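Asker:
Numbering (my numbering), first residue to last: 3 to 139.
Shown next as structure tokens:
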């Protein structure tokens, strides 16, 4: 069953509100287990894999106190092999590829097309383990 953006809006809104509360320091970090409409199954068997837009980098100060201006990024190597890795783990298969990478003021963005791999399918399924019931973190 495909989850439409309209059906996912209340969940997305709640997630964004909890992330903002965490950013302000008024609440704990929310646990994000999956993005329900990221990998929809679609009705047609020939449908292309889903795409999403990601902010790859922003000019905000990172957790180490560093800032790299998006104007300073050299993307030649990435353009030759524009893959996205699961948590930057090169031992796992790529989860998708960047269809388009561009700069906006103070941000580097990309449209990512998810790969129809067994690895990604497993990660798009609802969790049935202890995390799904909130028993562990």
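We treat Cβ as the ideally placed atom computed from N, Cα and C, and that holds for glycine. A quick note: this is a predicted structure, and the numbers were derived from the prediction, not measured.
1) Would you say the region 22 to 33 touches the region 73 to 87, given that touching needs at least three Cβ pairs under 8 angstroms?
2) May I ask which residues mark the beginning and end of the beta strand (DSSP E) holding residue 99?
3) Let me know if residue 67 comes out buried or exposed under the rule of 16 or more other beta-carbons within 10 Å of its beta-carbon.
4) Entirely within the region 63 to 98 and at least 3 residues each: give me those beta strand (DSSP E) ranges in chain order.
5) Go ahead and label residue 97 buried or exposed: buried means 16 or more other beta carbons lie within 10 angstroms of its beta carbon, across all protein chains shown.
6) Helix, strand or coil: which one does DSSP assign to residue 40?
Answerer: Let me spell this out:
1) no
2) 98 to 106
3) exposed
4) none
5) buried
6) Note that residue 40 scores a pLDDT of 43, beneath 50, so its modelled location is shaky; the value from the coordinates is reported in the next line. In this structure, residue 40 counts as coil in the three-state DSSP scheme.
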